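J.: If you're matching them up, the sequences are chains A and B in order.
Here the numbering used here is used: the first residue of the first sequence is 316, the next is one more, and so on.
Here the numbering used here is used: the first residue of the second sequence is 4, the next is one more, and so on.
Idealized CB from N, CA, C, for every residue including glycine.
Since we're looking at a predicted model, the values are computed, not measured.
Below you will find the structure I want to go over with you.
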Amino acid sequence: MAKYIKTVSSVSRRRFLSNTVATGALALATPSIMRRSAYGQSPNRIVFISEESSDKAQAVYDRINADFERETGISVTMEYPGFTNIAQRVATLIAAGTPAEIVWYGAGQAMDVALQGQLADVSDLVTKHNIPDNLRMVVDGADRSVPTSQQFFYGWYRQDLYEEQGLAPYETWEDYLNVVKSLNSPPEIYGNVIPSVEQGASHLLLETMFQKNDVHWFSYDEAEGKYRVALDEGENLSRAIEAMEFLHEAHQYSPEASNYNWAELMSEYYTGNVANSYYVGARLLDQTAANNPDLAQHTMPVALPRRLTESYYLSVQGFHVHKDSNVDGAKQYVSFFLEHPAYVDWLHSVPLHIIPAQQSMLQSEAYQDNEFIQQRMDVLEFLDSIWGKGTPPYYWDGPVLNPLVGLYQNANRGGRMLAERNIRGTDSETVVRETAEWIRNRVAEEEARQQ
Amino acid sequence: MSIEAQNRWDKLRWVGATITPALLMLTLMAYLPIIYALTLGFYHRTAFNPDAVWTGLDNFIWIVNDPGLWHALNRSLVFTVGSVSAQLAFGLFFGLLLHQGMRGLNVMRTLVILPYLLPVVVVGLVFRWILNPEFGIVNQVLMDIGLIDLPINFFGGLDTAMLSVIVATVWQYGSFAALLIFARLQSINPKLYEAARTSGAGAWRCFMDVTLPNLRTTLLVIVLLRGIWMFNKFDLIWIITAGGPLEATETLPIYAYKLAFQDFDFGRAAAACTAMFLVLVIGSILYFRFFNPTREVEVGR
């Protein structure tokens, strides 16, 4: 061994230096050499990533997938990365050159992928399945999403506590503050929960209140045909401050909630810790029924308090097909899924939460033929009554799809705004102005990159 | 070929055959990814664009100008210094305790090492639960004994989040220091203590003049290793706070992670990782220069 080491150590300095330089040059060139290309194009296989991962939904997927494979010979591999991680999983697979054929998740998240030119044209499927216009996501002149369902962001309240105190369900911001203040008795129970963290639940709460107060993040310049940041301008600024102050006041009757997300909006409610909560859909009711059945019967839906508008934040989910994958197989699957008898069972996997894209389906006997829905027809009637009042964020600021929404939405910037105001105590005007500036910087960065 | 050359060649083949598999594995699993990560910082590479475009120092300039990097570095230093100091104190206390030779030593030793054996996910979730403001046992006890009126959101408070995360890491990793210190204490010559006591030294003087000097190398090695590991710590912090609230616990690893998997900008994330690597290299060089942990202390005769 010693002789071997002696041999190695006798390498000349010149050879050592030249070898080091060559290795360094190779290392620097490595990333550009290691290019990736999509290879997920086997005609007999598709990978399907779904955001919905409840046991019942998985059982339905298994049924439909088995039938699909029997009929077409194409096998379907499922992945359930979870709501929080799905965007990351999708991006990782694309970066690795192995994109999934189909991803079922929010069209808002998919929009970023669409804007990068990654999604296939699915206009034929949108036309075939009569998708309503307000749910469509059109990028570069083609539909990039096949919407299957939608969810409104609305409130849930404890009817029993309201009746005890002789309170009526809130309608205006003033009503809301009065109610939550009356029901607030910490530490036994809080009036409501105001999540104030850079997460989705906080962000959607602020987005909804902005919509209620007719606040726009962007304005559309028709002459130039593009959007520009308008959050800190004119009436937008004053209304944005108003909305933030409203939520700040409501936060006085809430747990600190500086690390609360969707799960906590539900758990705080069904454990009886808060008298009012909200959710993007009826999963809160579903979880309350599962964890605290006695409380579920007193849990009622209500529109979040209005100010200048009655608009609802609308979350749209659908199928998205990657352009470099087995596109034909994926499109076959999407059609098969939507036409399969078990499609209604899939909608029933979380009843009243996964709401169909078409109102006719909501009103159909097939959809209403479900024990839970029959017990809670009041919720279905509520959803029917607000049909058409929802606006996806990428259509809120103007007549055409706003490609810049993802810059602040995917960073949950609204949640950060609430955290700055409610946790750090920064004044609302500073928060709004800093946010507007932050979005402008990101827009400039994105434009520079595209050049 | 001469016999000597033949022998040398045989030895070379033997050495080559034995170390090649390990070297190959190391190259594929460690060296190549490290080289790739270090050089990726010179490219613009995002999740949605398979082409890596050479950008030179642009990514490094961007992160140096990003206040987020300096904030994260500050958080990393606070976390590292706080966590390592507390682990040392924890380790010293339990190491000395185990060294007493009391009854039940084996049981105690097992209990001390137990946290270190637990998966990080388990520790993170358990701590999130016991420090939960609504359901956690700590808040319940504090309210029951009247110390607080309203629950404390330990992991959600701007002032309490970092300290709470440090407590969680000390609980899990303090046993590593305790075991190393205990092992070193076992090897100290008892005659040194006899000599010290004969000279009239009490417990404190024995500790300062005999125990501590003999523990010097061990303590410095613990500081070095735990310092590097805590500086690179990602998993426990991410599980507990995800860097929040409002970046109160966003250390450099979390900053780099967010660049990679929230902004999907792999080039900048790689540049941030390179910055972390440089900080550790500089820190290690300075550490060896000033402390020289390999130097054994000679106790005066």
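Can you tell me whether Gln612 (chain A) is buried or exposed? The criterion is at least 16 other CB atoms within 10 Å of its CB, across all chains shown.
T.: In the first sequence, residue 612 (chain A) corresponds to position 297, counting from 1. It is exposed - the Cβ of Gln612 (chain A) has fewer than 16 other Cβ atoms within 10 Å.
J.: Examine chain A for any beta-carbon lying closer than 8 Å to the beta-carbon of Glu137 (chain B), and answer yes or no.
T.: Here residue 137 (chain B) is taken as the residue at index 134 of the second sequence, counted from 1. Glu137 (chain B) counts as touching chain A.
J.: Can you check DSSP and say which residues form a bridge with Val461 (chain A)?
T.: Along the first sequence, one-based indexing puts residue 461 (chain A) at 146. Paired residues: A:Phe634.
J.: Could you check the C-alpha separation between Phe634 (chain A) and Asn380 (chain A) for me, to the nearest Å?
T.: For the purposes of this step, residue 634 (chain A) is taken as residue 319 along the first sequence, with counting starting at 1. For the purposes of this step, residue 380 (chain A) is taken as residue 65 along the first sequence, with counting starting at 1. Cα to Cα, the separation comes out at about 15 Å.
J.: So which of A:Pro671, A:Pro666, A:Phe697 has the shortest CA-CA distance to Phe687 (chain A)?
T.: Working through the first sequence from its first residue, we reach residue 687 (chain A) at position 372. Selected option, being the one with the closest Cα: A:Pro666.
J.: Considering Cα atoms alone, identify which of A:Tyr648, A:Ser569, A:Leu519 is closest to Glu386 (chain A).
T.: As a working mapping, residue 386 (chain A) is identified with position 71 in the first sequence. Checking every option, the nearest Cα to that of Glu386 (chain A) belongs to A:Tyr648.
J.: For Thr277 (chain B), does the count of other Cβ atoms within 10 angstroms reach 16, so buried, or fall short, so exposed?
T.: By 1-based counting over the second sequence, the position of residue 277 (chain B) is 274. Buried is the call here.
J.: Can you name the start and end residues of the alpha helix (DSSP H) that Ile361 (chain A) belongs to?
T.: Position 46 of the first sequence, counted from the first residue, corresponds to residue 361 (chain A). Element bounds for Ile361 (chain A): not the alpha helix (DSSP H) but the beta strand (DSSP E), 360-365.
J.: Is Tyr354 (chain A) buried or exposed, if buried means 16 or more other CB atoms sit within 10 Å of its CB?
T.: On the first sequence, position 39 is the one that residue 354 (chain A) refers to. Low local confidence applies: a pLDDT of 44 at Tyr354 (chain A) is under 50, so the model's placement there is unreliable, with the coordinate-based value given in what follows. It counts as exposed.
J.: Quick one: which chain B residues come within Cβ less than 7 Å of Ala734 (chain A)?
T.: As a working mapping, residue 734 (chain A) is identified with position 419 in the first sequence. Residues of chain B passing the Cβ test: Pro248, Leu249.
J.: Taking all protein chains shown into account, do 16 or more other C-beta atoms lie within 10 angstroms of the C-beta of Phe291 (chain B), making it buried, or fewer, making it exposed?
T.: Locating residue 291 (chain B) in the second sequence gives position 288, counting from the first residue. The residue in question, Phe291 (chain B), is exposed, as its Cβ has fewer than 16 Cβ neighbours within 10 Å.
J.: Tell me, please, whether the segment 472-489 of chain A touches the segment 530-537 of chain A by the rule of three or more beta-carbon pairs shorter than 8 Å.
T.: No: the two stretches stay apart, fewer than three of their Cβ pairs being nearer than 8 Å.
J.: Tell me which residues share the same chain as Phe237 (chain B) and place their Cβ nearer than 6 Å to its Cβ, disregarding the 5 neighbours each side in the sequence.
T.: Here the question's residue 237 (chain B) lines up with position 234 in the second sequence. The residues are Pro256.
J.: Output needed for Asp643 (chain A): all residues of its chain with C-beta closer than 8 Å, excluding positions within five of it in sequence on either side, in chain order.
T.: Indexing the first sequence from 1 puts residue 643 (chain A) at position 328. Here the set comprises Pro358.
J.: Hey, Ala66 (chain B) and Ala274 (chain B): beta-carbon distance below 8 Å or not?
T.: Along the second sequence, one-based indexing puts residue 66 (chain B) at 63. Along the second sequence, one-based indexing puts residue 274 (chain B) at 271. Looking at the sequence itself, residue 66 (chain B) is Ile, so the reference to Ala does not match. Going by C-beta atoms, Ile66 (chain B) is nearer than 8 Å to Ala274 (chain B).
J.: Taking just the CA atoms, how far does His444 (chain A) sit from Pro462 (chain A)?
T.: Along the first sequence, one-based indexing puts residue 462 (chain A) at 147. Along the first sequence, one-based indexing puts residue 444 (chain A) at 129. Taking the straight line joining both Cα atoms gives about 10 Å.
J.: According to DSSP, what are the bridge partners of Met615 (chain A)?
T.: Along the first sequence, one-based indexing puts residue 615 (chain A) at 300. Met615 (chain A) is bridged to A:Tyr472.
J.: Closer than 7 Å, Cβ to Cβ, to anything on chain A: give me those residues from the segment 82-106 of chain B, in chain order.
T.: Against chain A - using a Cβ distance shorter than 7 Å - the segment 82-106 of chain B contributes no residues.
J.: Just to confirm, is the Cβ distance from Val636 (chain A) to Leu434 (chain A) under 8 Å?
T.: Indexing the first sequence from 1 puts residue 636 (chain A) at position 321. Indexing the first sequence from 1 puts residue 434 (chain A) at position 119. Cβ distance < 8 Å, so Val636 (chain A) and Leu434 (chain A) count as in contact.
J.: Would you mind giving the Cβ-Cβ distance between Phe185 (chain B) and Thr49 (chain B), rounded to the nearest angstrom? I have them listed as a contact below 8 Å.
T.: In the second sequence, counting from the first residue as 1, residue 185 (chain B) sits at position 182. In the second sequence, counting from the first residue as 1, residue 49 (chain B) sits at position 46. Wrong, their Cβ atoms sit about 49 Å apart, outside the cutoff.
J.: Using the C-alpha atoms, what's the distance from Phe652 (chain A) back to Leu662 (chain A)?
T.: Taking the first residue of the first sequence as 1, we reach residue 662 (chain A) at position 347. Taking the first residue of the first sequence as 1, we reach residue 652 (chain A) at position 337. Those two C-alpha atoms are separated by around 12 Å.
J.: Taking Arg755 (chain A) as the query, report the chain B residues whose CB atoms sit under 7 Å from its CB, ordered along the chain.
T.: Here residue 755 (chain A) corresponds to residue number 440 of the first sequence, with the count starting at 1. Simply none; closest approach about 16 Å.
J.: Taking the continuous alpha helix (DSSP H) assigned at Thr306 (chain B), which residues delimit it?
T.: Chain B is shown from 4 up to 304; residue 306 (chain B) falls before or after that span and cannot be answered.
J.: Can you give the beta carbon distance from Phe51 (chain B) to Val428 (chain A), rounded, assuming they're within the 8 Å contact cut?
T.: On the second sequence, position 48 is the one that residue 51 (chain B) refers to. On the first sequence, position 113 is the one that residue 428 (chain A) refers to. So it is a contact: roughly 7 Å between Cβ atoms.
J.: Glu513 (chain A) touches chain B at which residues, Cβ-Cβ below 7 Å?
T.: The count along the first sequence starts at 1 and reaches residue 513 (chain A) at position 198. Neighbours of Glu513 (chain A) on chain B, chain order: Gly247.
J.: Please report the Cβ distance between His531 (chain A) and Ala545 (chain A), rounded to the nearest whole angstrom; I am assuming they are in contact, meaning their Cβ atoms lie under 8 Å.
T.: What you label residue 531 (chain A) is simply residue 216 of the first sequence in a count that begins at 1. What you label residue 545 (chain A) is simply residue 230 of the first sequence in a count that begins at 1. That pair is a contact at about 6 Å.
J.: What residue does the beta strand (DSSP E) around Phe533 (chain A) start on, and which one ends it?
T.: Here residue 533 (chain A) is taken as the residue at index 218 of the first sequence, counted from 1. Per DSSP, Phe533 (chain A) belongs to the beta strand (DSSP E) from 533-536.
J.: Quick check on Pro570 (chain A) - is its C-beta less than 8 Å from some C-beta in chain B?
T.: For the purposes of this step, residue 570 (chain A) is identified with residue 255 of the first sequence, where counting begins at 1. Chain B, which has a Cβ nearer than 8 Å to the Cβ of Pro570 (chain A), makes this yes.
J.: Where Trp57 (chain B) and Tyr46 (chain B) are concerned, what is the direct C-alpha to C-alpha distance, given to the nearest angstrom?
T.: Numbered from 1 along the second sequence, position 54 holds the residue referred to as residue 57 (chain B). Numbered from 1 along the second sequence, position 43 holds the residue referred to as residue 46 (chain B). Answer to the nearest angstrom: the Cα atoms are 4 Å apart.
J.: Could you list the residues in the segment 47-58 of chain B with a C-beta less than 9 Å from some C-beta on chain A, going in chain order?
T.: Hits within the stretch, in order: His47, Arg48, Thr49, Ala50, Phe51, Asn52, Pro53, Asp54, Ala55, Val56, Trp57.
J.: Does the beta carbon of Pro501 (chain A) come closer than 8 Å to any beta carbon on chain B?
T.: Position 186 of the first sequence, counted from the first residue, corresponds to residue 501 (chain A). Closer than 8 Å: yes.
J.: For a quick check, are the C-beta atoms of Arg229 (chain B) and Ala180 (chain B) less than 8 Å apart?
T.: Position 226 of the second sequence, counted from the first residue, corresponds to residue 229 (chain B). Position 177 of the second sequence, counted from the first residue, corresponds to residue 180 (chain B). Against a cut-off of 8 Å, the Cβ pair of Ala180 (chain B) and Arg229 (chain B) comes out as a contact.
J.: Applying the 10 Å Cβ sphere with the 16-neighbour rule, what's the burial state of Tyr505 (chain A)?
T.: Counted from its first residue, the first sequence places residue 505 (chain A) at position 190. Buried is the call here.
J.: Here's a check: name, in chain order, each residue in its chain whose Cβ is nearer than 7 Å to the Cβ of Ile243 (chain B), leaving out the five neighbours to either side.
T.: Indexing the second sequence from 1 puts residue 243 (chain B) at position 240. Gly127, Phe130, Arg131, Phe158, Val168, Ala171, listed in sequence order.
J.: Within a Cβ cutoff of 7 Å, which residues of the same chain sit near Asp712 (chain A), ignoring the five residues on either side of it in sequence?
T.: As a position in the first sequence, residue 712 (chain A) is number 397, starting the count at 1. Closer than 7 Å at the Cβ level, and outside the excluded window around Asp712 (chain A), lie His531, Trp532, Phe533, Ser534, Tyr535, Tyr542.
J.: Have a look at Val362 (chain A) and Thr252 (chain B) and give me their C-alpha separation to the nearest angstrom.
T.: Taking the first residue of the first sequence as 1, we reach residue 362 (chain A) at position 47. Taking the first residue of the second sequence as 1, we reach residue 252 (chain B) at position 249. Cα to Cα, the separation comes out at about 37 Å.
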